[in-house]
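Chemist:
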Amino acid sequence: MSGALARTFRRGRRRASALLGRLPPQFVYTRRYQIDVPGMLHDPRRGEHILAFLDSAGLLGPAAVHRPAPASFRQLCRIHTDDYLDSLTRPGSLTRIVGLTLRDDLAERILEMQRLMVGGTIVAARLAHETGGIAVNLGGGLHHAFAGKGERFCAYNDVAVAIAELRARGVKSRILIVDLDLHDGDGTRALFAEDPTVHTFSIHNLTSWEGDAVEATVVELGGGVRDEAYLQAVRDRLPPVFESFRPELVVYLAGCDPAADDQIGDWKISAEALLERDRFVLASARGGPRKLPFVVTLAGGYGLHSWRYSARFFSCLLNRGRVVEPPSTEEVVLVRYRRLARELDPQELSGETGPDDWGLTAEDVFASLGGPHRPHRFLGFYSLQGLELTLERAGLLDRLRTLGFERPTLEMDLENPTGDTVRLYGDEDRRELLLELRVRIDRGTVPGFSLLRIEWLLLQNPRAEFTAERPRLPGQTHPGLGMSPDIVALLVLACDRLQLDGLLFVPSHYHTAAAGRKTLLFLDPADEGLFRALHQALKDLPLAEATRAVDERKVVDAATGEPFTWQPMPMVVPVSDGLRALMDGGAYERKVAEEAAKRAFRLRG
857 MSGALARTFR
867 RGRRRASALL
877 GRLPPQFVYT
887 RRYQIDVPGM
897 LHDPRRGEHI
907 LAFLDSAGLL
917 GPAAVHRPAP
927 ASFRQLCRIH
937 TDDYLDSLTR
947 PGSLTRIVGL
957 TLRDDLAERI
967 LEMQRLMVGG
977 TIVAARLAHE
987 TGGIAVNLGG
997 GLHHAFAGKG
1007 ERFCAYNDVA
1017 VAIAELRARG
1027 VKSRILIVDL
1037 DLHDGDGTRA
1047 LFAEDPTVHT
1057 FSIHNLTSWE
1067 GDAVEATVVE
1077 LGGGVRDEAY
1087 LQAVRDRLPP
1097 VFESFRPELV
1107 VYLAGCDPAA
1117 DDQIGDWKIS
1127 AEALLERDRF
1137 VLASARGGPR
1147 KLPFVVTLAG
1157 GYGLHSWRYS
1167 ARFFSCLLNR
1177 GRVVEPPSTE
1187 EVVLVRYRRL
1197 ARELDPQELS
1207 GETGPDDWGL
1217 TAEDVFASLG
1227 GPHRPHRFLG
1237 FYSLQGLELT
1247 LERAGLLDRL
1257 RTLGFERPTL
1267 EMDLENPTGD
1277 TVRLYGDEDR
1287 RELLLELRVR
1297 IDRGTVPGFS
1307 LLRIEWLLLQ
1317 NPRAEFTAER
1327 PRLPGQTHPG
1337 LGMSPDIVAL
1347 LVLACDRLQL
1357 DGLLFVPSHY
1367 HTAAAGRKTL
1377 LFLDPADEGL
1387 FRALHQALKD
1397 LPLAEATRAV
1407 DERKVVDAAT
1417 GEPFTWQPMP
1427 MVVPVSDGLR
1437 ALMDGGAYER
1447 KVAEEAAKRA
1457 FRLRG
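Quick note: the sequence shown uses the working numbering, first residue 857, plus one each step.
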């Protein structure tokens, strides 16, 4: 079944279920959950990516998403002490909790965001209890907050506040909290240590609160855990709790930080095992005759791709247990930007006057008098105001303001013979360069096709510092901005608008090629085959170590022992049907497979 047909079928089945009175899982979300925090590895757009995927897959109904209100201080006071809540109003109070020095305005926004997430879990718990169904907060899981202190980016404990709100409404149900975040659910366990009606269940790498609790299961597995040991622990330890405690409502912290590619986690759990874990928890709560109300929060997950683990699980919830594979992060970002593009008027982007407008620019007058015609539009189309409008509507300038760059300033240089250049600074004095992009239209690399060629792309945060989790990569002066998928998506939209066949890029290092693998292909199938063989040799290394090994010539040809030297190899994002046919055809893949089979690499000892 084609993708479009499958989406239509799923939408039809969803509408039929609604007519039969079957309530699908409900979701809670607001874009105000999104805050970019310098130095943090979480993806603030995780919930938005999940919703965009579920909607584009035809799984999400129009009334299935609820917007939360911030938790009131009355609600917070049921769990947190007055002294602690008072302390959060003082300057610098979040420094210890988040491990970073924050501007006062950013600290206020973080507290507001966490109050909203608490409100989201309150709404999800109420929905699940009232309907007896499933409700998901696309945020929350702030399990390191205690009564009188916050830790590890958790200022308020959303699950505890939501349970206290249920109690205030007269709900006396026995509640099981299943916490499968990588880290110990220490704050939650401490908060319910003396409550026999709430059982806290946590499987984690390291126990961080050693106190006693009347109803708790604490399973410490250490570091380096793989699929078999993890799933065995879940299968062995969770069913006895359901049998003995007999819960009447389940709250599930479905953390994704056990994943092998998590940016801060130390476990090696595959996507398949995480999905099996999620299905097992769901079946334990709702697989038998007692279908318990089921609340889900996202909890931990660090890196740009962590949303995909949650998305797989939620597609199962909405698709009768069958998985719909989510697209890459780059693809879901592109879907969002294509929707934005439909809202932008071409005249707003180009600065062109309408057919009945007699307005003339200085360039028009100067050229008509015989003077040289200087270019004044990026790629012959976009005005400076049009570019700024695009970045503003896309939310990128707001993200920069959140990072402390309060007055982003854009400039264009259209007289460089190597291509049109746009620069984005963090200040009006143009001292802090954040983005520099140089592109040109290439009609020679692939005969018969017009490509948008990236000659140079720099994305950096000059105020950020390299850390153990975000080490310096070859070619970097400062850490990145975390906006590469957004910029690539905007360039693909430029190809759409200018009727170009695709995006062309020549990566200067292994890591820049590896980061674009979800959307970029090497133009030459021989280069694609070589890269796949190279990636096979490096796949178990973190990206920073892998690219350093290539840069330092520690990767050798397995047959000859010769060190591998990175060479410029063009990559493309096909946009037009013609270029897609050239790159996606069977002939291309056959040549790739042939080349990959001929090449083998190994790390030098």
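Virtual Cβ for every residue (Gly too), placed ideally from N, Cα, C.
Bear in mind that the values here come from a model prediction, so they are computed numbers and not experimental data.
(1) Of the choices T1073, P1095, E1066 and L1062, whose alpha-carbon is the least far from that of G1080?
(2) For R1102 versus R1030, is the C-beta spacing smaller than 8 Å?
(3) In three-state DSSP terms, what is A1452?
(4) What three-state label does DSSP hand Q970 in the structure shown?
(5) Helix, strand or coil for W1312? Go by DSSP, reduced to three states.
(6) When DSSP labels each residue in this structure, what does D1433 get in the three-state scheme?
(7) Taking 6 Å as the limit between beta carbons, can you name the residues of its chain near V884, skipping five residues before and five after?
(8) So what does DSSP say about H1505, is it helix, strand or coil?
(9) Taking Cβ to Cβ, would you say G1156 is nearer than 8 Å to H985?
(10) Can you round the beta-carbon distance between V1075 and A1110 to whole angstroms, since I take them to be within the 8 Å contact cut?
(11) For P1363, does the count of other Cβ atoms within 10 angstroms reach 16, so buried, or fall short, so exposed?
(12) With a cut-off of 8 Å, do at least 3 Cβ pairs link the stretch 1064-1074 to the stretch 1127-1146?
(13) Going along the chain, which residues of its own chain have a beta-carbon closer than 6 Å to the beta-carbon of R1168, five neighbours each way excluded?
(14) Could you check the C-alpha separation between E1219 and R1286 for me, to the nearest Å?
(15) Inspect the CB distances between the stretch 1332-1352 and the stretch 1378-1393 and report whether three or more fall short of 8 Å.
(16) Buried or exposed for T1368, going by 16 or more other Cβ atoms inside 10 Å?
(17) Out of curiosity, what's the CA-to-CA distance linking M973 and G995?
(18) Report back the beta-carbon spacing between I891 and T1265 to the nearest angstrom; my notes put them in contact at under 8 Å.
(19) Sorted by chain position, which residues of the same chain lie with C-beta nearer than 7 Å to G1078's C-beta, five sequence neighbours on each side aside?
(20) Do L1247 and L1240 have their beta-carbon atoms positioned less than 8 Å apart in this structure?
(21) Give me, in chain order, the residues of the same chain whose beta-carbon lies closer than 6 Å to that of E1292; leave out the 5 immediate sequence neighbours on both sides.
(22) For F1002, does the count of other Cβ atoms within 10 angstroms reach 16, so buried, or fall short, so exposed?
(23) Where does P1341 sit, in a helix, a strand or coil, going by DSSP?
(24) By alpha-carbon positions, which one of G1004, A913 and G1242 ends up nearest to S949?
(25) Going by DSSP, name the residue or residues bridged to V1152.
(26) Kindly indicate the opening and closing residues of the alpha helix (DSSP H) around Y1366.
(27) Taking the Cβ atom as the reference point for each residue, do V1344 and A908 lie within a distance shorter than 8 Å?
(28) Given that a residue counts as buried once 16 or more other Cβ atoms are within 10 Å of its Cβ, and exposed if not, what is F1463?
(29) Going by DSSP, what residue range makes up the beta strand (DSSP E) through D1269?
(30) Assuming V1106 and L1032 are in contact, meaning their beta carbons sit under 8 Å apart, how far apart are those beta carbons, in whole angstroms?
(31) For A1046, I'd like the list of residues in its chain whose CB is within less than 7 Å of its CB, leaving aside the five on either flank, ordered along the chain.
(32) Tell me, which residues are paired with I1125 by DSSP?
(33) Which value, in whole angstroms, describes the spacing of the CA atoms of A1115 and H1365?
(34) Give the secondary structure of V884 by DSSP, where H, G and I count as helix, E and B as strand, and everything else as coil.
(35) Assess, as a yes-or-no matter, whether the stretch 1412-1429 is touched by the stretch 1449-1459 under the definition of 3 or more beta carbon pairs within less than 8 Å.
(36) Give me the DSSP bridge partner(s) of E1491.
Modeler: In short, the structure shows the following:
(1) One-based indexing of the sequence shown puts residue 1080 at position 224. Checking every option, the nearest Cα to that of G1080 belongs to L1062.
(2) What you label residue 1102 is simply residue 246 of the sequence shown in a count that begins at 1. What you label residue 1030 is simply residue 174 of the sequence shown in a count that begins at 1. Yes, the pair counts as a contact, with Cβ atoms nearer than the cut-off.
(3) Reading the sequence shown from its first residue, position 596 is the one you call residue 1452. A1452: helix per DSSP, three-state reduction.
(4) Position 114 of the sequence shown, counted from the start, is the residue given in the question as residue 970. Q970: helix per DSSP, three-state reduction.
(5) Along the sequence shown, one-based indexing puts residue 1312 at 456. Here W1312 sits in strand by DSSP.
(6) As a working note, residue 1433 is residue 577 in the sequence shown. Note: D1433 maps to helix in three-state DSSP.
(7) Indexing the sequence shown from 1 puts residue 884 at position 28. Closer than 6 Å at the Cβ level, and outside the excluded window around V884, lie H922, P924, G976, V979, A980 and N993.
(8) Limits of the chain in this structure are 857 at one end and 1461 at the other, which puts residue 1505 out of reach.
(9) In the sequence shown, the residue the question calls residue 1156 occupies position 300. In the sequence shown, the residue the question calls residue 985 occupies position 129. Cβ distance not < 8 Å, so G1156 and H985 don't count as in contact.
(10) Mapped onto the sequence shown, residue 1075 falls at position 219. Mapped onto the sequence shown, residue 1110 falls at position 254. Rounded, the Cβ-Cβ distance is 17 Å, inconsistent with contact.
(11) Residue mapping note: residue 1363 aligns to position 507 of the sequence shown, counting from 1. Classification of P1363: buried, given that the 10 Å Cβ count is 16 or more.
(12) no
(13) Along the sequence shown, one-based indexing puts residue 1168 at 312. Result list for R1168: L1131 and V1179, in chain order.
(14) The residue labelled residue 1219 in the question sits at position 363 within the sequence shown. The residue labelled residue 1286 in the question sits at position 430 within the sequence shown. Confidence is the limiting factor: at E1219 the pLDDT is only 48, short of 50, which leaves the residue's position unreliable, though a coordinate-based value still follows. Approximately 26 Å between the Cα atoms of the pair.
(15) no
(16) As a position in the sequence shown, residue 1368 is number 512, starting the count at 1. Its Cβ being crowded by 16 or more others within 10 Å, T1368 is buried.
(17) Taking the first residue of the sequence shown as position 1, residue 973 is located at position 117. Taking the first residue of the sequence shown as position 1, residue 995 is located at position 139. Roughly 6 Å separates the two Cα atoms.
(18) Counting from one through the sequence shown, the residue named residue 891 turns up at place 35. Counting from one through the sequence shown, the residue named residue 1265 turns up at place 409. In fact, because the Cβ distance is near 22 Å, the residues do not count as touching under 8 Å.
(19) Translated into the one-based positions of the sequence shown, residue 1078 becomes position 222. Answer for G1078: N1061, listed in chain order.
(20) In the sequence shown, counting from the first residue as 1, residue 1240 sits at position 384. In the sequence shown, counting from the first residue as 1, residue 1247 sits at position 391. It is not a contact, given that the beta carbons lie outside the stated cut-off.
(21) As a working note, residue 1292 is residue 436 in the sequence shown. The answer, listed in chain order, is R1279 and L1314.
(22) Looking up residue 1002 in the sequence shown gives position 146. Answer is buried; the Cβ neighbour count reaches 16.
(23) For the purposes of this step, residue 1341 is identified with residue 485 of the sequence shown, where counting begins at 1. If DSSP states are grouped into helix, strand and coil, P1341 belongs with the helices.
(24) Counting from one through the sequence shown, the residue named residue 949 turns up at place 93. Checked all of G1004, A913 and G1242; the closest Cα to S949 is G1004.
(25) As a first step, residue 1152 must be located in the sequence shown, where it is residue number 296. Paired residue(s): V992 and Y1108.
(26) By 1-based counting over the sequence shown, the position of residue 1366 is 510. Note, Y1366: alpha helix (DSSP H), Y1366 to A1371.
(27) Here residue 1344 is taken as the residue at index 488 of the sequence shown, counted from 1. Here residue 908 is taken as the residue at index 52 of the sequence shown, counted from 1. Taking 8 Å as the Cβ cut-off, V1344 and A908 do not qualify as a contacting pair.
(28) There is simply no residue 1463 to check, as the chain begins at 857 and stops at 1461 in what is shown.
(29) As a working note, residue 1269 is residue 413 in the sequence shown. Element bounds for D1269: T1265 to D1269.
(30) As a working mapping, residue 1106 is identified with position 250 in the sequence shown. As a working mapping, residue 1032 is identified with position 176 in the sequence shown. Sure, about 5 Å apart at Cβ, within 8 Å.
(31) To locate residue 1046, count along the sequence shown from 1; it is residue 190. Excluding residues within five positions, the ones whose Cβ falls inside 7 Å are F1002, W1065 and G1067.
(32) In the sequence shown, the residue the question calls residue 1125 occupies position 269. According to DSSP, I1125 bridges with A1115.
(33) One-based indexing of the sequence shown puts residue 1115 at position 259. One-based indexing of the sequence shown puts residue 1365 at position 509. Their Cα atoms are separated by approximately 26 Å.
(34) Position 28 of the sequence shown, counted from the start, is the residue given in the question as residue 884. In this structure, V884 counts as strand in the three-state DSSP scheme.
(35) yes
(36) This structure cannot settle anything about residue 1491, because the visible part of the chain is limited to 857 through 1461.
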